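Going by this note's numbering, the first residue of the sequence shown is number -14, and it counts up by one from there.
Think of the CB as a built atom: it goes at the ideal place given N, C-alpha and C, for glycine as much as any other residue.
Please read all numbers here as calculations on a predicted model, not as lab measurements.
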Amino acid sequence: MATVIGVDFGTTNSVVAVLQPDGSVATARFAVGQAEMDVFRSVLCFSAAERGAFRHAAGPLAIDAYLEDPLASRLIMSMKSYLAQRSFGETRIFGRAFTLDALIALLLRDLFGESGPTLAGARLIAGRPVRFAGDFPDDALAEGRLRAAYAQAGWPDIGFALEPEAAGYRFASTLQGATTVLVGDFGGGTSDFSVLRFEPGATHRVTALGHSGIGIAGDN
């Protein structure tokens, strides 16, 4: 079995988990001051530098950079909430234009850089909500932007998993018999639900019976 990386790029926090060929699973750990956490804040901070240049920080370092000099910084957060919105084409930061996928790619590069050793040849599965945030979300646009962001971050070939369904697999590993489960994923940008049938030992161990979601969650 090949190594598989699971990435939950969230509106508020992001997580990286690695499934090794021996079946063991470990979540990446990120330094936060003197401590470590298994979540990475989904934020960017841009700060002006000399001669019209600028620098950026991601995750907990972005929060530190912003608090150090908020007047000379620009904090970018909740990027995932705009993936399905055609009205968001680009934004300008210190005079430079950035598309949404380019901003997310910056975050992903730092997320992968902080999560540990490079896993060349691994397969990457990215989470996505059942329904993207927004009044009239464009699902194809959102997924295309996500693919573009991962490609810019060095992962041109990825698979997608619905976030509540992916969360259900962890629970399924503890089951001894067939069970039907409602899984709720309450995030920063969306609330998603899946009804799943788990049958340990069967050829098709997981059957999706239904999915639904709304663009209402912690950030809105």
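Minimum C-alpha distance to residue i - residue among the options
{"i": "E184", "options": "F117, G139, Y154", "result": "Y154"}
{"i": "A151", "options": "P45, S179, V10, T(-12)", "result": "S179"}
{"i": "D124", "options": "G139, I110, Q137, F145", "result": "F145"}
{"i": "F15", "options": "A50, R132, A2", "result": "A2"}
{"i": "F156", "options": "R190, Q5, E128, R132", "result": "R190"}
{"i": "G174", "options": "Y51, G8, S27", "result": "S27"}
{"i": "S9", "options": "T(-12), Q137, A20", "result": "T(-12)"}
Cα-Cα separation between residue i and residue j, rounded to whole angstroms
{"i": "P149", "j": "R40", "result": "35 Å"}
{"i": "G106", "j": "L56", "result": "43 Å"}
{"i": "A43", "j": "G186", "result": "42 Å"}
{"i": "A13", "j": "F25", "result": "9 Å"}
{"i": "A38", "j": "V17", "result": "27 Å"}
{"i": "G98", "j": "E75", "result": "25 Å"}
{"i": "G80", "j": "I61", "result": "15 Å"}
{"i": "T(-3)", "j": "P45", "result": "12 Å"}
{"i": "A127", "j": "Q70", "result": "8 Å"}
{"i": "W140", "j": "L160", "result": "33 Å"}
{"i": "T164", "j": "P6", "result": "27 Å"}
{"i": "A11", "j": "L92", "result": "21 Å"}
{"i": "F121", "j": "I48", "result": "31 Å"}
{"i": "A87", "j": "A136", "result": "10 Å"}
{"i": "S158", "j": "G(-9)", "result": "16 Å"}
{"i": "R132", "j": "E21", "result": "29 Å"}
{"i": "G162", "j": "Q19", "result": "43 Å"}
Cβ pair residue i, residue j closer than 7 Å
{"i": "R130", "j": "L68", "result": "yes"}
{"i": "A118", "j": "G200", "result": "yes"}
{"i": "G172", "j": "A202", "result": "yes"}
{"i": "A193", "j": "A134", "result": "no"}
{"i": "L109", "j": "S(-1)", "result": "no"}
{"i": "D(-7)", "j": "G112", "result": "yes"}
{"i": "R94", "j": "A33", "result": "no"}
Residues near residue i by beta carbon distance below 6 Å, same chain, minus five either side
{"i": "I78", "result": "F31, R59"}
{"i": "D177", "result": "P114, V115, E148, P149, D170, G198"}
{"i": "Y51", "result": "C30, S58, L60"}
{"i": "G195", "result": "V180"}
{"i": "I143", "result": "L109, A111, Y135"}
{"i": "L4", "result": "V(-11), V10"}
7 Å Cβ shell around residue i - same chain, five flanking residues per side excluded
{"i": "L85", "result": "M64, Y67, L68, F73, R130"}
{"i": "V166", "result": "G153, F156, L181, F183"}
{"i": "F83", "result": "E75, T76"}
8 Å Cβ shell around residue i - same chain, five flanking residues per side excluded
{"i": "D54", "result": "S32"}
Inset, instruction - Could I get the ranges of all uninterrupted beta strand (DSSP E) runs contained in the stretch 13 to 58, with 3 residues as the minimum, in chain order? - result: 15 to 17, 20 to 22, 28 to 33, 39 to 43
Legend entry - Every unbroken beta strand (DSSP E) inside the stretch 64 to 114 [3 residues or more]: 75 to 78, 81 to 84, 108 to 113
Inset, instruction - Please list the segments of the alpha helix (DSSP H) lying wholly inside the stretch 125 to 174, counting only runs of 4 or more residues, in order along the chain. - result: 148 to 157
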